[in-house]
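Here the sequence shown is numbered in this note's numbering, starting from 427 and rising by one per residue.
Every residue, glycine too, gets a C-beta built ideally from N, C-alpha and C.
All values derive from a computational prediction rather than experimental measurement.
Below is one structure, written out as structure tokens, with a few remarks after it.
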Amino acid sequence: MNRLLGESFLYQEDEDGKEDYYLVYRHHDVFETLLALSGFALLHDDYHRIFQVVSDWGYCRRRFKLDETLMITVLRKLYEEQAERLSLASDPW
């Protein structure tokens, strides 16, 4: 439950989350009921093997304009590219 709420997604193909994915898969009804009591919905995409937690009330959402969304996407992509280039061994600071 903690991983679901903290990461919002569980992927079957993710090695770190595979056991958690199958736990939620086996006990889908229990997790769905517990999350519903807390104001969340548990969604499952069987084709892609993904569980997702979504807030029923929309408290965890933020609406952006198109230009803001594009800027955030570009910044995220730049961040990911920089993170791939850097390593602690070559640049500790």
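Counting other Cβ atoms within 10 Å of its Cβ, residue 448 stays below 16 and is therefore classed as exposed. Here the region 429-438 lies against the region 466-484, with 3 or more beta-carbon pairs under 8 Å apart. Ranked by how close their Cα comes to the Cα of residue 451, the residues 490, 500 and 468 have 468 in first place. CA-to-CA, the gap between residue 466 and residue 473 works out to about 22 Å.
In the structure shown, the three-state DSSP call for residue 442 is coil.
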